[in-house]
Amino acid sequence: MNPEESMTIDERRKYLHKMQDRYWKATRNEKGRLLDDMQAVTGLHRKSLIRLLRGDLRRKPRQRQRGFTYGAVVRDAVQLCAQALDYPAAERLKPVLGQTARDLARHGHLHLNEALIEALEVISASTVHRIVGPVLRKPQRLGSPRKPGRRRPRQHSVPIRTLPNSTERPGCLEADTVQHSGPEASGQYAYSLCLTNVATGWVGTQATLGNSGLVMEDAFRGVLYHLPFLVQEIHSDNGSEFLNQIVVSSLQEQGISLSRSRPYHKNDNRFVEENNNSHIRAYIGYARFDTLAQVEALNTVYRLLNLYHNFFLPVMRTIRDAAGQKHTTVNTPWQRLKDSGVLDDEAVANWETFRQHIDPLCLKRSIEAALHTLDALPGAVPGHTEDVRQSLGVWKTGTTLRSASGCPPFPTPPATATAALPLKKISPQLE
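Position in the sequence shown counted from 1, then plus 741, gives you the working numbering.
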(Lines of atoms letter the chains of each structure in order from A and count residues from 1; the text may use other names and numbers.)
(Lines give C-alpha, C1' and ligand atoms only; values in the text may rest on other atoms or scores of the structure.)
Protein backbone atom coordinates (compact mmCIF):
# COMPACT_ATOMS: atom_id res chain seq x y z
CA MET A 1 0.00 0.00 0.00
CA ASN A 2 1.19 3.52 -0.75
CA PRO A 3 2.52 5.09 2.49
CA GLU A 4 0.61 8.28 1.70
CA GLU A 5 -2.68 6.42 1.09
CA SER A 6 -5.12 6.56 4.02
CA MET A 7 -6.77 3.44 5.42
CA THR A 8 -10.38 2.66 4.61
CA ILE A 9 -12.95 2.36 7.39
CA ASP A 10 -13.02 -1.44 7.13
CA GLU A 11 -9.22 -1.67 7.19
CA ARG A 12 -9.09 0.62 10.21
CA ARG A 13 -11.70 -1.45 12.05
CA LYS A 14 -9.81 -4.69 11.39
CA TYR A 15 -6.57 -3.15 12.61
CA LEU A 16 -8.12 -1.80 15.81
CA HIS A 17 -9.81 -5.16 16.45
CA LYS A 18 -6.38 -6.80 16.49
CA MET A 19 -4.86 -4.08 18.70
CA GLN A 20 -7.75 -3.86 21.21
CA ASP A 21 -6.84 -7.03 23.10
CA ARG A 22 -3.16 -6.01 23.32
CA TYR A 23 -4.19 -2.53 24.52
CA TRP A 24 -6.25 -3.84 27.45
CA LYS A 25 -3.52 -6.28 28.57
CA ALA A 26 -0.72 -3.67 28.40
CA THR A 27 0.67 -1.58 31.27
CA ARG A 28 0.30 2.19 31.38
CA ASN A 29 3.63 2.84 29.66
CA GLU A 30 2.97 0.13 27.05
CA LYS A 31 -0.45 1.65 26.31
CA GLY A 32 1.23 4.95 25.54
CA ARG A 33 3.60 3.33 23.04
CA LEU A 34 0.73 1.36 21.44
CA LEU A 35 -1.28 4.57 21.07
CA ASP A 36 1.71 6.21 19.37
CA ASP A 37 1.91 3.34 16.87
CA MET A 38 -1.85 3.27 16.22
CA GLN A 39 -1.92 7.05 15.77
CA ALA A 40 0.84 6.81 13.15
CA VAL A 41 -0.86 3.93 11.30
CA THR A 42 -4.50 5.09 11.31
CA GLY A 43 -4.04 8.86 11.31
CA LEU A 44 -6.69 9.23 14.06
CA HIS A 45 -6.41 11.56 17.05
CA ARG A 46 -5.14 10.01 20.28
CA LYS A 47 -8.37 10.70 22.17
CA SER A 48 -10.41 9.17 19.33
CA LEU A 49 -8.34 6.00 19.53
CA ILE A 50 -8.86 5.76 23.30
CA ARG A 51 -12.62 6.21 22.86
CA LEU A 52 -12.79 3.53 20.17
CA LEU A 53 -10.63 1.03 22.08
CA ARG A 54 -12.76 1.42 25.21
CA GLY A 55 -15.98 0.77 23.29
CA ASP A 56 -17.45 -1.93 21.07
CA LEU A 57 -15.74 -1.98 17.69
CA ARG A 58 -18.44 -4.07 16.02
CA ARG A 59 -20.43 -2.17 13.39
CA LYS A 60 -24.00 -1.50 14.46
CA PRO A 61 -26.73 -2.22 11.90
CA ARG A 62 -28.38 0.78 10.37
CA GLN A 63 -31.53 1.63 12.33
CA ARG A 64 -33.25 3.55 9.54
CA GLN A 65 -33.14 1.78 6.21
CA ARG A 66 -33.01 3.72 2.98
CA GLY A 67 -36.29 3.80 1.07
CA PHE A 68 -36.87 2.53 -2.46
CA THR A 69 -35.69 4.84 -5.22
CA TYR A 70 -38.06 3.26 -7.74
CA GLY A 71 -41.71 2.52 -7.12
CA ALA A 72 -43.74 -0.60 -7.72
CA VAL A 73 -44.48 0.36 -11.33
CA VAL A 74 -40.78 0.38 -12.25
CA ARG A 75 -40.08 -2.83 -10.33
CA ASP A 76 -42.99 -4.62 -12.03
CA ALA A 77 -41.78 -3.42 -15.45
CA VAL A 78 -38.23 -4.69 -14.77
CA GLN A 79 -39.54 -8.07 -13.62
CA LEU A 80 -41.77 -8.38 -16.69
CA CYS A 81 -38.84 -7.56 -19.00
CA ALA A 82 -36.68 -10.11 -17.18
CA GLN A 83 -39.41 -12.74 -17.54
CA ALA A 84 -39.77 -12.04 -21.26
CA LEU A 85 -35.99 -12.50 -21.78
CA ASP A 86 -35.76 -15.63 -19.59
CA TYR A 87 -34.04 -13.83 -16.70
CA PRO A 88 -30.60 -12.91 -18.08
CA ALA A 89 -27.92 -11.44 -15.82
CA ALA A 90 -28.50 -7.85 -14.71
CA GLU A 91 -25.48 -6.68 -16.72
CA ARG A 92 -27.10 -8.08 -19.89
CA LEU A 93 -30.65 -7.04 -19.01
CA LYS A 94 -30.03 -3.40 -18.11
CA PRO A 95 -28.90 -2.12 -21.57
CA VAL A 96 -31.97 -3.60 -23.33
CA LEU A 97 -34.63 -2.68 -20.75
CA GLY A 98 -35.92 0.26 -22.77
CA GLN A 99 -36.18 -1.66 -26.05
CA THR A 100 -37.78 -4.68 -24.38
CA ALA A 101 -40.32 -2.48 -22.58
CA ARG A 102 -41.29 -0.85 -25.87
CA ASP A 103 -41.68 -4.29 -27.49
CA LEU A 104 -43.92 -5.46 -24.65
CA ALA A 105 -45.96 -2.25 -24.77
CA ARG A 106 -46.46 -2.67 -28.52
CA HIS A 107 -48.14 -6.03 -27.85
CA GLY A 108 -50.24 -4.81 -24.91
CA HIS A 109 -48.30 -6.35 -21.99
CA LEU A 110 -47.10 -3.05 -20.52
CA HIS A 111 -48.34 0.54 -20.28
CA LEU A 112 -45.52 3.03 -20.86
CA ASN A 113 -45.26 6.71 -20.00
CA GLU A 114 -42.37 9.16 -20.11
CA ALA A 115 -41.53 8.75 -16.42
CA LEU A 116 -41.34 4.95 -16.70
CA ILE A 117 -39.22 5.08 -19.87
CA GLU A 118 -36.82 7.53 -18.22
CA ALA A 119 -36.55 5.34 -15.12
CA LEU A 120 -35.79 2.23 -17.19
CA GLU A 121 -33.08 4.10 -19.10
CA VAL A 122 -31.23 5.38 -16.00
CA ILE A 123 -31.68 2.45 -13.60
CA SER A 124 -28.39 0.80 -12.63
CA ALA A 125 -27.44 -2.83 -13.12
CA SER A 126 -27.09 -3.27 -9.34
CA THR A 127 -30.66 -2.11 -8.80
CA VAL A 128 -31.87 -4.42 -11.55
CA HIS A 129 -30.08 -7.30 -9.81
CA ARG A 130 -31.77 -6.48 -6.50
CA ILE A 131 -35.19 -6.28 -8.15
CA VAL A 132 -34.95 -9.45 -10.20
CA GLY A 133 -32.64 -11.47 -7.99
CA PRO A 134 -30.42 -14.31 -9.16
CA VAL A 135 -32.06 -17.21 -10.96
CA LEU A 136 -30.27 -20.34 -9.86
CA ARG A 137 -29.93 -23.27 -12.24
CA LYS A 138 -29.25 -26.77 -11.03
CA PRO A 139 -25.83 -27.93 -12.21
CA GLN A 140 -26.00 -30.63 -14.84
CA ARG A 141 -23.55 -33.46 -14.88
CA LEU A 142 -22.00 -33.84 -18.29
CA GLY A 143 -21.38 -37.29 -19.67
CA SER A 144 -17.98 -38.71 -20.42
CA PRO A 145 -16.42 -37.60 -23.72
CA ARG A 146 -16.46 -39.89 -26.72
CA LYS A 147 -13.37 -41.91 -27.49
CA PRO A 148 -11.36 -40.69 -30.47
CA GLY A 149 -12.05 -42.63 -33.66
CA ARG A 150 -9.71 -43.88 -36.30
CA ARG A 151 -7.90 -41.58 -38.72
CA ARG A 152 -9.95 -40.63 -41.78
CA PRO A 153 -8.55 -39.63 -45.19
CA ARG A 154 -11.20 -36.91 -45.63
CA GLN A 155 -10.02 -35.27 -42.41
CA HIS A 156 -6.63 -34.35 -43.89
CA SER A 157 -8.21 -32.46 -46.79
CA VAL A 158 -9.73 -29.94 -44.34
CA PRO A 159 -7.19 -27.39 -43.02
CA ILE A 160 -6.62 -26.77 -39.31
CA ARG A 161 -6.93 -23.17 -38.15
CA THR A 162 -8.22 -21.08 -35.25
CA LEU A 163 -10.67 -18.22 -35.64
CA PRO A 164 -9.67 -14.81 -34.27
CA ASN A 165 -11.78 -13.14 -31.58
CA SER A 166 -11.81 -9.87 -33.51
CA THR A 167 -13.86 -11.08 -36.49
CA GLU A 168 -16.18 -8.14 -37.20
CA ARG A 169 -18.01 -9.08 -40.41
CA PRO A 170 -20.60 -11.89 -40.44
CA GLY A 171 -19.96 -14.85 -42.68
CA CYS A 172 -17.88 -17.15 -40.47
CA LEU A 173 -19.76 -19.82 -38.50
CA GLU A 174 -18.65 -22.30 -35.85
CA ALA A 175 -20.39 -25.70 -36.02
CA ASP A 176 -20.90 -28.43 -33.44
CA THR A 177 -23.38 -31.19 -32.61
CA VAL A 178 -25.11 -32.15 -29.36
CA GLN A 179 -26.16 -35.75 -28.68
CA HIS A 180 -29.61 -36.57 -27.30
CA SER A 181 -28.86 -40.15 -26.31
CA GLY A 182 -29.88 -40.01 -22.67
CA PRO A 183 -27.88 -42.03 -20.15
CA GLU A 184 -26.96 -44.73 -22.69
CA ALA A 185 -25.50 -43.92 -26.13
CA SER A 186 -26.76 -47.00 -27.96
CA GLY A 187 -28.91 -47.39 -31.04
CA GLN A 188 -30.23 -44.54 -33.17
CA TYR A 189 -30.97 -41.20 -31.50
CA ALA A 190 -31.27 -37.50 -32.27
CA TYR A 191 -28.51 -34.94 -32.73
CA SER A 192 -28.72 -31.14 -32.74
CA LEU A 193 -26.56 -29.20 -35.19
CA CYS A 194 -25.67 -25.78 -33.79
CA LEU A 195 -24.13 -23.03 -35.95
CA THR A 196 -22.92 -19.83 -34.26
CA ASN A 197 -21.79 -16.68 -36.04
CA VAL A 198 -18.54 -15.41 -34.52
CA ALA A 199 -19.09 -11.70 -35.22
CA THR A 200 -22.71 -11.27 -34.12
CA GLY A 201 -23.61 -14.29 -31.98
CA TRP A 202 -26.40 -15.27 -34.41
CA VAL A 203 -27.42 -18.89 -33.77
CA GLY A 204 -29.04 -21.48 -36.04
CA THR A 205 -29.99 -24.98 -34.86
CA GLN A 206 -31.47 -28.01 -36.59
CA ALA A 207 -32.25 -31.46 -35.16
CA THR A 208 -31.55 -34.70 -37.04
CA LEU A 209 -32.14 -38.39 -36.41
CA GLY A 210 -28.62 -39.80 -36.37
CA ASN A 211 -25.48 -38.08 -37.60
CA SER A 212 -24.89 -39.64 -41.00
CA GLY A 213 -23.59 -37.50 -43.83
CA LEU A 214 -27.03 -37.54 -45.51
CA VAL A 215 -28.95 -36.02 -42.58
CA MET A 216 -26.12 -33.66 -41.62
CA GLU A 217 -26.01 -32.21 -45.14
CA ASP A 218 -29.77 -31.66 -44.95
CA ALA A 219 -29.39 -29.98 -41.54
CA PHE A 220 -26.73 -27.62 -42.90
CA ARG A 221 -29.03 -26.67 -45.76
CA GLY A 222 -31.87 -26.07 -43.32
CA VAL A 223 -29.85 -23.67 -41.17
CA LEU A 224 -28.22 -21.85 -44.10
CA TYR A 225 -31.60 -21.42 -45.81
CA HIS A 226 -32.89 -19.19 -42.99
CA LEU A 227 -29.78 -17.04 -42.48
CA PRO A 228 -30.07 -13.37 -43.50
CA PHE A 229 -26.41 -13.13 -44.57
CA LEU A 230 -23.98 -14.98 -46.82
CA VAL A 231 -21.62 -17.59 -45.36
CA GLN A 232 -17.98 -17.82 -46.42
CA GLU A 233 -16.55 -20.32 -43.91
CA ILE A 234 -17.74 -22.99 -41.47
CA HIS A 235 -15.37 -24.04 -38.68
CA SER A 236 -16.02 -27.40 -37.00
CA ASP A 237 -14.29 -29.91 -34.77
CA ASN A 238 -12.82 -33.21 -36.00
CA GLY A 239 -16.05 -35.23 -35.78
CA SER A 240 -16.97 -37.66 -38.54
CA GLU A 241 -20.38 -36.00 -38.91
CA PHE A 242 -18.56 -33.01 -40.47
CA LEU A 243 -15.48 -34.55 -42.10
CA ASN A 244 -17.18 -36.90 -44.53
CA GLN A 245 -17.54 -37.03 -48.31
CA ILE A 246 -21.16 -35.82 -48.45
CA VAL A 247 -20.89 -32.78 -46.16
CA VAL A 248 -17.48 -31.58 -47.35
CA SER A 249 -18.39 -31.88 -51.04
CA SER A 250 -21.75 -30.18 -50.52
CA LEU A 251 -20.22 -27.18 -48.75
CA GLN A 252 -17.48 -26.85 -51.36
CA GLU A 253 -20.08 -26.87 -54.16
CA GLN A 254 -21.86 -24.00 -52.41
CA GLY A 255 -18.65 -21.94 -52.27
CA ILE A 256 -18.28 -22.35 -48.50
CA SER A 257 -14.84 -23.25 -47.16
CA LEU A 258 -14.55 -25.70 -44.28
CA SER A 259 -11.88 -25.62 -41.58
CA ARG A 260 -11.39 -27.66 -38.43
CA SER A 261 -10.02 -27.04 -34.96
CA ARG A 262 -6.94 -28.60 -33.44
CA PRO A 263 -7.55 -32.07 -31.97
CA TYR A 264 -8.34 -31.99 -28.22
CA HIS A 265 -8.62 -28.16 -28.20
CA LYS A 266 -12.30 -27.54 -27.46
CA ASN A 267 -11.67 -23.84 -26.92
CA ASP A 268 -10.98 -23.44 -30.64
CA ASN A 269 -14.79 -23.61 -31.02
CA ARG A 270 -15.48 -21.55 -27.92
CA PHE A 271 -18.55 -19.65 -29.17
CA VAL A 272 -20.55 -22.65 -30.32
CA GLU A 273 -19.44 -24.71 -27.30
CA GLU A 274 -20.95 -22.03 -25.06
CA ASN A 275 -24.22 -22.11 -27.02
CA ASN A 276 -24.35 -25.89 -26.72
CA ASN A 277 -25.05 -25.34 -23.04
CA SER A 278 -26.96 -22.04 -23.02
CA HIS A 279 -28.99 -22.58 -26.21
CA ILE A 280 -29.58 -26.35 -26.23
CA ARG A 281 -28.86 -28.11 -22.93
CA ALA A 282 -30.44 -25.36 -20.81
CA TYR A 283 -33.76 -25.83 -22.63
CA ILE A 284 -33.73 -29.39 -23.98
CA GLY A 285 -31.83 -31.08 -21.16
CA TYR A 286 -30.27 -34.54 -21.28
CA ALA A 287 -33.26 -36.75 -22.16
CA ARG A 288 -33.19 -39.30 -24.97
CA PHE A 289 -34.97 -38.55 -28.26
CA ASP A 290 -35.02 -41.31 -30.88
CA THR A 291 -38.14 -40.93 -33.08
CA LEU A 292 -38.99 -38.79 -36.11
CA ALA A 293 -41.88 -37.22 -34.18
CA GLN A 294 -39.49 -36.11 -31.44
CA VAL A 295 -37.06 -34.71 -34.02
CA GLU A 296 -39.90 -32.74 -35.63
CA ALA A 297 -40.92 -31.40 -32.21
CA LEU A 298 -37.29 -30.50 -31.51
CA ASN A 299 -37.12 -28.49 -34.73
CA THR A 300 -40.32 -26.66 -33.76
CA VAL A 301 -38.65 -25.68 -30.48
CA TYR A 302 -35.50 -24.60 -32.31
CA ARG A 303 -37.34 -22.41 -34.83
CA LEU A 304 -38.97 -20.55 -31.93
CA LEU A 305 -35.78 -20.53 -29.87
CA ASN A 306 -33.72 -19.13 -32.76
CA LEU A 307 -36.12 -16.18 -33.08
CA TYR A 308 -36.00 -15.65 -29.32
CA HIS A 309 -32.21 -15.72 -29.11
CA ASN A 310 -31.37 -13.79 -32.27
CA PHE A 311 -33.88 -10.95 -31.95
CA PHE A 312 -34.44 -10.45 -28.21
CA LEU A 313 -31.79 -11.98 -25.92
CA PRO A 314 -28.88 -9.62 -25.16
CA VAL A 315 -25.37 -10.96 -25.76
CA MET A 316 -22.18 -9.84 -24.02
CA ARG A 317 -18.75 -10.95 -25.27
CA THR A 318 -15.44 -11.05 -23.42
CA ILE A 319 -12.42 -9.28 -24.92
CA ARG A 320 -8.88 -9.85 -23.67
CA ASP A 321 -6.17 -7.31 -24.37
CA ALA A 322 -2.94 -6.07 -22.79
CA ALA A 323 -4.91 -4.21 -20.11
CA GLY A 324 -6.76 -7.36 -19.02
CA GLN A 325 -10.28 -8.61 -19.57
CA LYS A 326 -13.36 -6.55 -20.41
CA HIS A 327 -16.76 -6.94 -22.03
CA THR A 328 -18.24 -5.50 -25.19
CA THR A 329 -21.42 -3.43 -25.28
CA VAL A 330 -24.52 -5.53 -24.60
CA ASN A 331 -26.59 -6.02 -27.78
CA THR A 332 -28.82 -8.61 -29.39
CA PRO A 333 -27.39 -10.60 -32.34
CA TRP A 334 -29.86 -8.78 -34.62
CA GLN A 335 -28.56 -5.38 -33.49
CA ARG A 336 -24.95 -6.52 -34.05
CA LEU A 337 -25.91 -7.74 -37.52
CA LYS A 338 -27.50 -4.37 -38.35
CA ASP A 339 -24.42 -2.51 -37.11
CA SER A 340 -22.10 -4.69 -39.22
CA GLY A 341 -23.38 -3.09 -42.45
CA VAL A 342 -23.68 -6.32 -44.47
CA LEU A 343 -27.44 -5.87 -45.03
CA ASP A 344 -28.83 -3.18 -47.33
CA ASP A 345 -31.47 -0.70 -46.14
CA GLU A 346 -34.37 -2.65 -47.63
CA ALA A 347 -33.32 -5.90 -45.94
CA VAL A 348 -32.86 -4.13 -42.60
CA ALA A 349 -36.32 -2.54 -42.89
CA ASN A 350 -37.96 -5.87 -43.76
CA TRP A 351 -36.30 -7.75 -40.93
CA GLU A 352 -37.00 -4.96 -38.43
CA THR A 353 -40.70 -5.02 -39.39
CA PHE A 354 -40.62 -8.79 -38.96
CA ARG A 355 -39.07 -8.42 -35.49
CA GLN A 356 -41.61 -5.82 -34.36
CA HIS A 357 -44.47 -8.19 -35.19
CA ILE A 358 -43.11 -10.77 -32.73
CA ASP A 359 -44.34 -10.57 -29.14
CA PRO A 360 -41.33 -11.59 -26.97
CA LEU A 361 -43.44 -12.63 -23.98
CA CYS A 362 -45.76 -14.67 -26.20
CA LEU A 363 -42.72 -16.17 -27.92
CA LYS A 364 -41.33 -17.31 -24.57
CA ARG A 365 -44.66 -18.93 -23.66
CA SER A 366 -44.72 -20.64 -27.06
CA ILE A 367 -41.27 -22.09 -26.38
CA GLU A 368 -42.48 -23.44 -23.04
CA ALA A 369 -45.57 -24.97 -24.71
CA ALA A 370 -43.41 -26.55 -27.43
CA LEU A 371 -41.11 -28.01 -24.77
CA HIS A 372 -44.11 -29.54 -22.96
CA THR A 373 -45.25 -31.07 -26.26
CA LEU A 374 -41.77 -32.50 -26.81
CA ASP A 375 -41.63 -34.01 -23.31
CA ALA A 376 -45.02 -35.69 -23.79
CA LEU A 377 -43.97 -37.63 -26.91
CA PRO A 378 -43.11 -41.33 -26.41
CA GLY A 379 -39.75 -42.79 -27.31
CA ALA A 380 -38.98 -45.42 -29.90
CA VAL A 381 -40.41 -48.93 -29.68
CA PRO A 382 -37.61 -51.48 -29.04
CA GLY A 383 -36.61 -53.19 -32.26
CA HIS A 384 -38.22 -50.56 -34.52
CA THR A 385 -35.97 -48.48 -36.79
CA GLU A 386 -37.08 -45.09 -38.13
CA ASP A 387 -36.52 -44.14 -41.78
CA VAL A 388 -34.41 -40.96 -41.61
CA ARG A 389 -35.17 -40.12 -45.26
CA GLN A 390 -38.67 -39.03 -44.20
CA SER A 391 -37.17 -36.08 -42.31
CA LEU A 392 -35.15 -34.67 -45.24
CA GLY A 393 -36.22 -31.30 -46.59
CA VAL A 394 -38.87 -30.66 -43.91
CA TRP A 395 -37.24 -27.30 -43.08
CA LYS A 396 -38.47 -25.87 -46.42
CA THR A 397 -42.07 -25.91 -45.12
CA GLY A 398 -41.40 -24.99 -41.50
CA THR A 399 -41.48 -21.18 -41.59
CA THR A 400 -45.08 -20.65 -40.31
CA LEU A 401 -45.05 -21.41 -36.59
CA ARG A 402 -48.19 -22.15 -34.63
CA SER A 403 -48.13 -22.82 -30.92
CA ALA A 404 -50.21 -24.65 -28.33
CA SER A 405 -49.80 -21.69 -25.95
CA GLY A 406 -52.82 -19.80 -27.33
CA CYS A 407 -50.69 -17.25 -29.18
CA PRO A 408 -51.36 -16.39 -32.84
CA PRO A 409 -49.03 -17.78 -35.54
CA PHE A 410 -45.71 -16.01 -35.80
CA PRO A 411 -45.05 -14.10 -39.03
CA THR A 412 -43.14 -15.61 -41.92
CA PRO A 413 -39.56 -14.26 -42.24
CA PRO A 414 -39.13 -11.68 -45.00
CA ALA A 415 -38.11 -12.69 -48.49
CA THR A 416 -34.61 -11.34 -47.90
CA ALA A 417 -33.97 -14.41 -45.75
CA THR A 418 -33.67 -16.44 -48.95
CA ALA A 419 -32.80 -13.60 -51.33
CA ALA A 420 -29.56 -12.96 -49.44
CA LEU A 421 -28.65 -16.63 -49.93
CA PRO A 422 -30.05 -17.83 -53.30
CA LEU A 423 -31.13 -21.45 -53.61
CA LYS A 424 -28.22 -22.27 -55.92
CA LYS A 425 -25.84 -21.18 -53.13
CA ILE A 426 -27.42 -23.74 -50.79
CA SER A 427 -27.62 -26.80 -52.95
CA PRO A 428 -27.97 -27.43 -56.71
CA GLN A 429 -30.87 -29.80 -55.95
CA LEU A 430 -32.99 -26.87 -54.66
CA GLU A 431 -32.96 -24.87 -57.90
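Beta carbons are placed, not taken as given, at the ideal position from N, Cα and C, and that holds for glycine. As the structure is a prediction and not an experimental result, all values here were calculated from the model.
Exercise for the section: Alpha carbon to alpha carbon, how far is Ala831 from Ala1058? Give it in angstroms, no decimals. Expected result: Position check: residue 1058 holds Arg in this sequence, whereas Ala was assumed. Between Arg1058 and Ala831, the C-alpha separation is close to 15 Å.
Exercise for the section: Assess, as a yes-or-no matter, whether the segment 1074-1088 is touched by the segment 1021-1035 under the definition of 3 or more beta carbon pairs within less than 8 Å. Expected result: No: the two stretches stay apart, fewer than three of their Cβ pairs being nearer than 8 Å.
Exercise for the section: Closer than 7 Å by C-beta to Ala818: which residues in its own chain qualify, once you throw out the five before and the five after it? Chain order, please. Expected result: These residues qualify, in order along the chain: Ala842, Leu851, Leu857 and Leu861.
Handout entry: Beta-carbon proximity of Thr937 to Phe1012, cut-off 8 Å
Key = yes
Problem - Inter-residue spacing [alpha-carbon to alpha-carbon] between Arg769 and Leu794 - result: One alpha carbon belongs to Arg769, the other to Leu794, and they sit about 14 Å apart.
Practice task
Would you kindly check if the distance between the Cβ of Val837 and the Cβ of Val1071 is under 8 Å?
Solution key: Their beta carbons are under 8 Å apart, which means Val1071 touches Val837 by this criterion.
Handout entry: Proximity to Leu968 [Cα-Cα], best of Asp762, Ala866, Ser1132 and Leu914
Key = It is Leu914.
Exercise for the section: Provide the residue(s) that pair with Cys913 in DSSP beta bridges, ordered along the chain. Expected result: Answer is Glu974.
Practice task
Helix, strand or coil for Ser922, going by three-state DSSP, please let me know.
Solution key: strand
Problem - Own chain, CB closer than 6 Å to Val815, minus 5 neighbours either side, in chain order - result: Ala860
Problem - Among Val1129, Asn1047 and Val869, the one whose alpha carbon lies nearest that of Gln1035 - result: The option with the nearest alpha carbon to Gln1035 is Val1129.
Handout entry: Residue from Gly942, Gln929 and Asn1017 whose Cα sits closest to the Cα of His1125
Key = Gln929
Exercise for the section: Round the Cβ separation of Asn1010 and His976 to the nearest angstrom and send it over; I've been treating them as touching at under 8 Å. Expected result: 7 Å
Practice task
Given a cut-off of 8 Å, decide if Val873 and Gln820 are closer than it, judged by their beta-carbon atoms.
Solution key: Remark: C-beta atoms of Gln820 and Val873 approach each other more closely than 8 Å.
Problem - Residue from Gln1131, Asn854, Thr941 and Gly1120 whose Cα sits closest to the Cα of Gly923 - result: The residue with the shortest Cα to Cα distance from Gly923 is Gly1120.
Exercise for the section: Give the single residue among Cys822, Ala948 and Asp844 whose Cα lies nearest to the Cα of Leu1133. Expected result: Ala948
Practice task
Excluding the 5 residues preceding and the 5 following Met955 in the sequence, name in chain order all residues of the same chain whose CB lies nearer than 8 Å to its CB.
Solution key: Going by the sequence as given, residue 955 is Leu instead of Met. Here the set comprises Ile987, Val1129, Arg1130 and Leu1133.
Problem - Cα-Cα separation between Val782 and Lys1007, rounded to whole angstroms - result: One alpha carbon belongs to Val782, the other to Lys1007, and they sit about 51 Å apart.
Handout entry: The beta strand (DSSP E) enclosing Asn938, as first and last residue numbers
Key = Ala931 to Asn938
Exercise for the section: Give me the Cα-Cα distance between Tyr932 and Ser953, rounded to the nearest whole angstrom. Expected result: 10 Å
Practice task
Could you please give me the residues that DSSP links to Gly951 through a beta bridge?
Solution key: None, per the DSSP bridge assignment.
Handout entry: Where the alpha helix (DSSP H) containing Ser724 begins and where it ends
Key = No answer is possible for residue 724: the residues shown for the chain start at 742 and end at 1172.
Practice task
Taking 8 Å as the threshold, find out whether the segment 786-803 comes into contact with the segment 753-763 through three or more Cβ pairs.
Solution key: yes
Practice task
Report all residues from its chain with a CB closer than 8 Å to the CB of Leu775; omit the five preceding and five following residues, and keep chain order.
Solution key: Met760, Arg763, Tyr764 and Ala767
Problem - CB of Ile1099 within 8 Å of CB of Leu1046, strictly - result: no
Practice task
Express the C-alpha separation of Ser1002 and Gly996 in angstroms, rounding to a whole number.
Solution key: 20 Å
Practice task
Under 7 Å Cβ to Cβ from His870, same chain only, skipping five residues before and after it: list those, please.
Solution key: Ala831
Problem - Distance between Leu1104 and Pro1055 (C-alpha atoms, nearest Å) - result: 16 Å
Handout entry: Where Val944 falls: helix, strand or coil (DSSP)
Key = Strand.
Problem - Uninterrupted beta strand (DSSP E) stretches inside the segment 1027-1111 (no shorter than 3 residues) - result: Those beta strand (DSSP E) runs which fall completely within the segment 1027-1111 and span 3+ residues are 1059-1062 and 1065-1068.
Practice task
Using only alpha-carbon positions, find the residue among Asn979, Pro1004, Ser981 and Glu974 that is nearest to Glu994.
Solution key: Glu974
Problem - Proximity of Ala940 and Pro900 at Cβ, strictly below 8 Å - result: no
Problem - Closest residue to Gly849 among Pro1123, Gln1097, Leu1112 and Ala1117 (Cα-Cα distance) - result: Gln1097
Practice task
Whole angstroms is fine: what's the gap from Leu798's alpha carbon to Gly808's?
Solution key: 27 Å
Handout entry: Straight-line gap, Cys822 to Arg847 (C-alpha atoms, nearest Å)
Key = Their backbone Cα atoms lie some 13 Å apart in a straight line.
Practice task
State the beta-bridge partners of Ser998 as determined by DSSP.
Solution key: According to DSSP, Ser998 bridges with Glu974.
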